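In the working numbering, the protein residues as written are 13 to 102.
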């Protein structure tokens, strides 16, 4: 039950940050922002889907993140599936 609660709290943090500004605190430090492919912000549903797919990709031995090594644009699998991108903030 504790692990489920932690997953919910962490998920709420990521979804809130991605929806409001496109950045978590760590993403601000690395000057990276997540948005739709056209640069517009993420609605709550898309941010929640991104989180859930990222967790699934992590559970499958990190395959969703290893995908970036073989993807032509070096996108994570969850970003490729949802049409989101990481942008460098200048």
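Every residue, glycine too, gets a C-beta built ideally from N, C-alpha and C.
All values reported here derive from a predicted model rather than from experimental measurement.
Top-ranked residue by Cα proximity to residue i, from the options
i	options	result
residue 66	96, 82, 13, 49	96
residue 69	85, 91, 48	91
residue 45	35, 51, 53	35
residue 26	14, 42, 59	59
residue 57	17, 88, 29	29
Limits of the unbroken beta strand (DSSP E) element including residue i
i	result
residue 99	96-100
residue 47	44-48
Check whether residue i and residue j have beta carbons under 8 Å apart
i	j	result
residue 81	residue 23	no
residue 55	residue 86	no
residue 38	residue 99	no
residue 94	residue 79	no
Inter-residue Cα distance where the pair is residue i and residue j
i	j	result
residue 19	residue 75	19 Å
Helix, strand or coil at residue i according to DSSP, with G and I counted as helix
i	result
residue 80	helix
Residue range of the unbroken alpha helix (DSSP H) whose run includes residue i
i	result
residue 26	14-32
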